[in-house]
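Quick note, the sequences are listed as chains A, B and C, same order.
23 is the number of the first residue of the first sequence in the numbering used here; add one for each residue after it.
16 is the number of the first residue of the second sequence in the numbering used here; add one for each residue after it.
3 is the number of the first residue of the third sequence in the numbering used here; add one for each residue after it.
For reference, the structure is listed below as structure tokens.
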Amino acid sequence: MYGVTIMAEAMLDTILKVEDLAVHFPVGGRLFGGGHKVVHAVDGVDLELKRGECLGLVGESGCGKSTLALSILGLQAPTRGRIIIDGQPISGDAKDRMDRARMTQMVFQDPYSSLNPRQTVRTTLEAPLRLHGITTKSEIDDRIADMLRRVGLRPDVAKRYPHEFSGGQRQRIGIARALILKPQIVILDEPVSALDVSIRAQIINLLLELKETFGLSYIMISHDLGVVEHMSDRVAVMYLGRIVESGGWETIFSSPGHPYTRVLIEAIPDPFRNRQGNKITGEIPNPLNPPAGCGFNPRCPEARDLCRVPPGPDLKEVGTDHFVRCCRNNELPAWEPHAS
Amino acid sequence: MKIRANLLIGGILFATVVVAGLLAPLLAHTDPVMDANLMYAEEPPGAEFWFGTDAQGRDIYSRVLHGARISLTVGIVSQLINTIIGVCLGLSAGYWGGWWDDFVSGLTNLMLAIPSLIFALAIMAILNPGLTSLLIALGLTNWSFTCRLARASTLSLKSQGYVQAAKVLGYSDIRIMLTQLLPNMLGPIIVIGTLGMGGAVLAEASLSFLGLGIRPPYPSWGSMLSDARDQITTAPWISIFPGLAIFVTVLGLNLLGDGLRDILDPQSRTRRI
Amino acid sequence: MSAPPLLEVRDLQISLAVGNTLFHAVENVSLTIEKGETLGLVGESGCGKSITALALIGLLRPPLIITGGEIRFDGRDIRALPSREMRKLRGNRISMIFQEPMTALNPLSPVGRQIAEMFVLHRGATWNEAEKLAIEALARVRVPAPDRRVKDYPHQMSGGMRQRVMIAIALACSPDLLLADEPTTALDVTVQAEILDLIRELSSAQGTAVLMISHDLGLIANMCRRVGVMYAGHIVEERAAEDIFRSPSHPYTNGLVASLPLLGARARHGRKRLQEIEGVVPPVSAFPNGCRFNPRCHMATEICRTEEPGATMLERGGLVRCHHHG
Chain A
23 MYGVTIMAEA MLDTILKVED LAVHFPVGGR LFGGGHKVVH AVDGVDLELK RGECLGLVGE
83 SGCGKSTLAL SILGLQAPTR GRIIIDGQPI SGDAKDRMDR ARMTQMVFQD PYSSLNPRQT
143 VRTTLEAPLR LHGITTKSEI DDRIADMLRR VGLRPDVAKR YPHEFSGGQR QRIGIARALI
203 LKPQIVILDE PVSALDVSIR AQIINLLLEL KETFGLSYIM ISHDLGVVEH MSDRVAVMYL
263 GRIVESGGWE TIFSSPGHPY TRVLIEAIPD PFRNRQGNKI TGEIPNPLNP PAGCGFNPRC
323 PEARDLCRVP PGPDLKEVGT DHFVRCCRNN ELPAWEPHAS
Chain B
16 MKIRANLLIG GILFATVVVA GLLAPLLAHT DPVMDANLMY AEEPPGAEFW FGTDAQGRDI
76 YSRVLHGARI SLTVGIVSQL INTIIGVCLG LSAGYWGGWW DDFVSGLTNL MLAIPSLIFA
136 LAIMAILNPG LTSLLIALGL TNWSFTCRLA RASTLSLKSQ GYVQAAKVLG YSDIRIMLTQ
196 LLPNMLGPII VIGTLGMGGA VLAEASLSFL GLGIRPPYPS WGSMLSDARD QITTAPWISI
256 FPGLAIFVTV LGLNLLGDGL RDILDPQSRT RRI
Chain C
3 MSAPPLLEVR DLQISLAVGN TLFHAVENVS LTIEKGETLG LVGESGCGKS ITALALIGLL
63 RPPLIITGGE IRFDGRDIRA LPSREMRKLR GNRISMIFQE PMTALNPLSP VGRQIAEMFV
123 LHRGATWNEA EKLAIEALAR VRVPAPDRRV KDYPHQMSGG MRQRVMIAIA LACSPDLLLA
183 DEPTTALDVT VQAEILDLIR ELSSAQGTAV LMISHDLGLI ANMCRRVGVM YAGHIVEERA
243 AEDIFRSPSH PYTNGLVASL PLLGARARHG RKRLQEIEGV VPPVSAFPNG CRFNPRCHMA
303 TEICRTEEPG ATMLERGGLV RCHHHG
């Protein structure tokens, strides 16, 4: 039984709330003690997902977006913080696994390793239903057939094995599996990156359709800003375990406030060659040894001395529903979105 | 073509031994223990006694057939025990990690350092000799390879998307291990199992030869060899046929194991061009 | 009389030998690269772009074999060159960089030595001289503290760093032609931008021609002057980079451009349903008859199913292979 929390009016619209989430991994020898280093994979993240919306989570390797997703799904125990789904705080206990499974699900990146090669499509879809108490054959058959149709596959493919399908079809099966328990939140982990370019549109369109049909809420992790801009209602940018900017998609892409967001957008090769060159230098930082002060300062084209002073800036509201974590919020020059 | 030869020959050899063992009561000419007639002691192979007779006048052909039952029982059952122990330990160690993994790995290393035959010998010395004790001794001492294999397979499969998906769908750990991991690592384990059966047959022969396995007068191939020690030069057929039986069985199992490995190796499956 | 183009490929055919059958993975591929020019080759998995590059540098191995066509490098036919001669060209006048630097670099050898090898092999330098040149090469690819990093092993470096090392090795002897096969696909976006800048700068400084291969049409259009689009072993369209996005001619290119969510599109036109290309990329063993794109093409007619389209010339040196090109 969960404790009853008193919800503010605003929270009725919120399906997922993440409060000060942190995930720290100890690194270093256990046997001989000493030299204990800690990786702050996720370092104090606050997040809100509204019902029916798609939140794009953007960032490069080591930024913590995958760890954050795993925590929300219950696959990674957080070191600190709370996760509240549909008004109820979730603990990490095993008995929670079943409840959580009905609320949050995931679509995986690699369609070639996300399906059990020894199970038919039918078994892959049937087993979770049985596990969660749906045992009448007719109901199972109906739900499986319905779900396969909705993801654009013929119901008779259920008796086939994963290796008989193409990458795009496998991804559709993965989506069917994610939705078979009728969850409310679906985490999409790079849902089209591993697919051929000419079929990405099919899957993107499908995901958007399903969101409308089932009233789903998405958290979409992607490094492809074009896909993020197309699919997201709101966007959050992560760097070194923290959210450095968040806001509506239009705001983020037309007037990004954080230098890192700007650099990310500018790094996308512009096919019409109107943008000026890339301004960032240096390597992706090692999360074992984060820089002092603002984590982005060594590579930031706008860094000044105050950026190196610990403990680094807080997330501040710079506009309606627009948050930026930067010491020089008000001093940054204006930014031109790329023309075409 | 090479692949199929292994499987075919190994399969035929092994199947022959199995059939011989199963149908021993029908195929044998005499009772292997009771029918001993000193009048016919140490007769060379001939029309009446196909493989000849031993020092007690018993028909070697019948004894070899019945010996197949014992050797196969030992081979199959003890390897089954080994596989179950190895898979349980290895799977759980790889999946859960932590102190349990450390413990199992340490235990496995220990087992690998001790020659399994010596270990089995020690156990047999404590227990009363006989079939059950033999099964226990061999079943407890040869699981290390399987354990290592199961653990390595688990570690590499653990990170596959479908395993994570199962967790997210609410599967319990045990269910994941049994339904998602185990079926996907069976190939190499079956191969090791077949090869292990050959090893068990040899181990039984060795132990029985040393007098610590199946005791005479029961017709174990190993004890038959032991009995024939004194007659090696005078009546070699008493040793040759049980020895041949061991050879054929173990060869068959080894070839079968090789053949199975070639089929079950996922890299030899059809590739998408 | 004008000098011949640096690289001239005519009607290249590469086949995959399976049992007794030959599948033509690449057919009728012709391209030219002038000195110092950057040509892009775009396509999805299985279109043949990577094996085309391997054929150019003589790294194709059975069951893949060149079964037709001509490859001329600096006027010289290199298609049937004996391996000794090809080795003199490789690394020296034609170089290649790959997608996965971790597997392309020798994990057991310090990076400095791997770069130095180039100078020893092709310039006859001594190891001492070569090591100094290696440090310079690392500095040129903007690796910080090159004199220290020259002793590092590949696993001690990040992905972006390793890619720089690979570029240093490839450009060590100032080759005339650089083949770059998906050099940034495995890298993060900001690192990708730096590596692309680096390739652009260095090739321009050394006058190196570049054949850039990628599945990312935007990247190719940005980096290259001309772009060739490959599908199922054929070049279906070849255009100047500016034209390929604004007015694609082949239905496949058109479909690709219309199906990609481009930055800024939603802000301008609102979120439109992305245009889908039906079907899947066909495997080499089952290329359709006639135009290989026909099962997925909404403009396909009877002739498309039976006859392979020839090349039609377009403005500005462009080319398209379609019976109904736009």
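Every residue gets a Cβ at the ideal spot worked out from N, C-alpha and C, and that includes glycine.
Source: prediction; values computed, not measured.
Worksheet item: Under the rule that 16 or more other beta-carbon atoms within 10 Å means buried, what is A5/C, buried or exposed?
Response: For this step, residue 5/C is matched to residue 3 along the third sequence. By the neighbour-count rule (16 or more Cβ atoms within 10 Å), A5/C is not buried but exposed.
Fill in: Beta-carbon proximity of M7/C to K37/C, cut-off 9 Å
Taking the first residue of the third sequence as position 1, residue 7/C is located at position 5. Taking the first residue of the third sequence as position 1, residue 37/C is located at position 35. According to the sequence as given, residue 7/C is Pro; it is not Met. Yes, the pair counts as a contact, with Cβ atoms nearer than the cut-off.
Worksheet item: Going by beta carbon distance, what residues of the same chain come within less than 6 Å of F345/A, once the five residues before and after it are set aside?
Response: Within the first sequence, numbered from 1, the residue matching residue 345/A stands at position 323. Taken in chain order, the residues that qualify are S268, L337, E339.
Discussion item. When you compare the CB of M260/A with every CB in chain C, is at least one pair closer than 9 Å?
Written reply: Taking the first residue of the first sequence as 1, we reach residue 260/A at position 238. Not closer than 9 Å to any Cβ of chain C, the Cβ of M260/A fails to qualify, so no.
Discussion item. If I follow the unbroken beta strand (DSSP E) through V341/A, where does it start and stop?
Written reply: As a working note, residue 341/A is residue 319 in the first sequence. Per the sequence presented here, residue 341/A reads as Gly, with Val not at that position. Note, G341/A: beta strand (DSSP E), 338-341.
Fill in: CA-to-CA distance, G109/A to I28/A, given in whole angstroms
As a first step, residue 28/A must be located in the first sequence, where it is residue number 6. As a first step, residue 109/A must be located in the first sequence, where it is residue number 87. For I28/A, the pLDDT reaches just 45, beneath the cut-off of 50, and the residue's location in the model is therefore unreliable, although a value from the coordinates is still provided. Near 9 Å, if we compare the C-alpha coordinates of G109/A and I28/A.
Practice prompt. Alpha carbon to alpha carbon, how far is A141/C from P177/A? Give it in angstroms, no decimals.
Written response: On the first sequence, position 155 is the one that residue 177/A refers to. On the third sequence, position 139 is the one that residue 141/C refers to. If I take the Cα positions, the gap works out to 59 Å.
Item to complete: May I have the straight-line CA-CA distance separating R276/B from I221/A, to the nearest angstrom?
Response: On the second sequence, position 261 is the one that residue 276/B refers to. On the first sequence, position 199 is the one that residue 221/A refers to. Cα-Cα distance, rounded: 37 Å.
Discussion item. Looking at the secondary structure, which residues open and close the alpha helix (DSSP H) in which K159/A lies?
Written reply: Looking up residue 159/A in the first sequence gives position 137. Note, K159/A: alpha helix (DSSP H), 159-172.
Discussion item. Using only CA atoms, which one of H325/C, E310/C, R275/C, S17/C lies nearest to L229/A?
Written reply: For the purposes of this step, residue 229/A is taken as residue 207 along the first sequence, with counting starting at 1. Checked all of H325/C, E310/C, R275/C, S17/C; the closest Cα to L229/A is R275/C.
Worksheet item: Counting contacts by CB-CB distance shorter than 9 Å, is D292/A in contact with chain C?
Response: Translated into positions along the first sequence, residue 292/A becomes position 270. Yes - at least one Cβ of chain C is within 9 Å of the one on D292/A.
Fill in: Short Cβ contact (9 Å threshold) for D246/A with N224/C
The residue labelled residue 246/A in the question sits at position 224 within the first sequence. The residue labelled residue 224/C in the question sits at position 222 within the third sequence. No; because the gap between Cβ atoms is not below 9 Å, this pair is not in contact.
Item to complete: Let me know if V250/A comes out buried or exposed under the rule of 16 or more other beta-carbons within 10 Å of its beta-carbon.
Response: Sequence index remark: in the first sequence, residue 250/A carries index 228 (1-based). Buried, since its Cβ has 16 or more Cβ neighbours within 10 Å.
Discussion item. Among the candidates I207/A, A200/A, L217/A, M169/A, whose CA atom is the shortest distance from the CA of S188/A?
Written reply: Residue mapping note: residue 188/A aligns to position 166 of the first sequence, counting from 1. The shortest C-alpha separation from S188/A is found at L217/A.
Item to complete: Along the alpha helix (DSSP H) that carries L217/B, what are the first and last residues, could you check?
Response: Start at 1 with the first residue of the second sequence, and residue 217/B comes out as number 202. Element bounds for L217/B: 197-224.
Worksheet item: Are the CB atoms of T146/A and Y76/B nearer to each other than 9 Å?
Response: Residue mapping note: residue 146/A aligns to position 124 of the first sequence, counting from 1. Residue mapping note: residue 76/B aligns to position 61 of the second sequence, counting from 1. The answer is no: Cβ separation not under 9 Å.
Worksheet item: What are the boundary residues of the alpha helix (DSSP H) that includes R164/C?
Response: Residue mapping note: residue 164/C aligns to position 162 of the third sequence, counting from 1. Taken as a continuous stretch (DSSP letters only), the alpha helix (DSSP H) holding R164/C covers 161-173.
Practice prompt. Assign R228/C to one of two classes, buried (16 or more other C-beta atoms within 10 Å of its C-beta) or exposed (fewer than that).
Written response: Indexing the third sequence from 1 puts residue 228/C at position 226. Buried, by the Cβ-count rule.
Worksheet item: So, is E234/A buried or exposed, given that buried needs 16 or more other C-beta atoms within 10 angstroms?
Response: Position 212 of the first sequence, counted from the first residue, corresponds to residue 234/A. The residue is exposed, with fewer than 16 neighbouring Cβ atoms inside 10 Å.
Worksheet item: Closest by CA to V79/B, which one among P40/B, S93/B, A20/B, N199/B?
Response: Your numbering for residue 79/B matches position 64 in the second sequence. For V79/B, the nearest C-alpha among the options comes from P40/B.
Worksheet item: Going along the chain, which residues of its own chain have a beta-carbon closer than 8 Å to the beta-carbon of P150/A, five neighbours each way excluded?
Response: Position 128 of the first sequence, counting from 1, holds the residue named residue 150/A. A123, R199, I202, L203.
Worksheet entry | Distance, I207/A Cα to D68/A Cα | For the purposes of this step, residue 68/A is identified with residue 46 of the first sequence, where counting begins at 1. For the purposes of this step, residue 207/A is identified with residue 185 of the first sequence, where counting begins at 1. Those two C-alpha atoms are separated by around 17 Å.
Item to complete: Closer than 7 Å, Cβ to Cβ, to anything on chain C: give me those residues from the stretch 234-255 of chain A, in chain order.
Response: H245, L247, G248, V249, E251, H252
Item to complete: Go ahead and pull the three-state DSSP assignment for H344/A.
Response: To locate residue 344/A, count along the first sequence from 1; it is residue 322. Of the three classes helix, strand and coil, the one that applies to H344/A here is strand, per DSSP.
Item to complete: With DSSP collapsed to three states, give me the class of D132/A.
Response: Residue mapping note: residue 132/A aligns to position 110 of the first sequence, counting from 1. D132/A falls in the coil class under three-state DSSP.
Item to complete: Please state whether DSSP places H124/C in a helix, a strand or coil.
Response: Here the question's residue 124/C lines up with position 122 in the third sequence. Helix.
Discussion item. Suppose you measure from the CA of L314/A to the CA of H124/C; what does that come to, to the nearest Å?
Written reply: Numbered from 1 along the first sequence, position 292 holds the residue referred to as residue 314/A. Numbered from 1 along the third sequence, position 122 holds the residue referred to as residue 124/C. Checking the displayed sequence, the identity of residue 314/A turns out to be Ala instead of Leu. Across the structure, A314/A and H124/C are spaced so that their CA atoms are roughly 46 Å apart.
Practice prompt. Spatial neighbours of A1/C within its chain, please: CB distance less than 8 Å, with the 5 preceding and 5 following residues excluded, ordered by chain position.
Written response: What the structure shows of chain C is the stretch from 3 to 328, and residue 1/C is not part of that stretch, so it cannot be assessed.
Worksheet item: Using a Cβ-Cβ cut-off of 8 Å (strictly less than) and excluding sequence neighbours within five positions of P205/A, which residues of its own chain qualify?
Response: Within the first sequence, residue 205/A is the residue found at index 183, counting from 1. Same-chain partners within the cutoff: A123, R124, M125, T126, Q127, L238.
Worksheet item: Does the stretch 13-26 of chain C come close enough to the stretch 45-63 of chain B that 3 or more CB-CB pairs lie under 8 Å?
Response: no
Practice prompt. Please list, in chain order, all residues of the same chain as T187/C whose beta carbon is under 6 Å from its beta carbon, the five residues on each side excluded.
Written response: Here residue 187/C refers to the residue found at position 185 when the third sequence is read from its first residue. Answer for T187/C: Q101, listed in chain order.
Worksheet item: By a C-beta neighbour count over all protein chains shown, 10 Å radius and 16 as the cutoff for buried, is F124/B buried or exposed?
Response: Sequence index remark: in the second sequence, residue 124/B carries index 109 (1-based). The sequence shown places Asn at residue 124/B, not Phe. With fewer than 16 Cβ atoms within 10 Å of its Cβ, N124/B is classed as exposed.
Fill in: Opposing strand residues paired with Q127/A [DSSP bridges]
Position 105 of the first sequence, counted from the first residue, corresponds to residue 127/A. Residue pairing by DSSP places Q127/A opposite V208/A in a beta bridge.
Worksheet item: Tell me which same chain residues have a C-beta within less than 6 Å of the C-beta of A35/B, skipping the five on either side of it?
Response: The sequence position of residue 35/B within the second sequence is 20, counting from 1. Hits under 6 Å: L80, A83.
Worksheet item: Under a Cβ-count criterion, where at least 16 other Cβ atoms within 10 Å of its own Cβ denotes burial, should W271/A be classed as buried or exposed?
Response: Taking the first sequence and counting its residues from 1, the one referred to as residue 271/A is at position 249. Buried is the call here.
Discussion item. Any beta carbon from chain B within less than 9 Å of F130/A's own beta carbon?
Written reply: The residue labelled residue 130/A in the question sits at position 108 within the first sequence. Taking 9 Å as the threshold, the shortest C-beta distance from F130/A to chain B falls below it.
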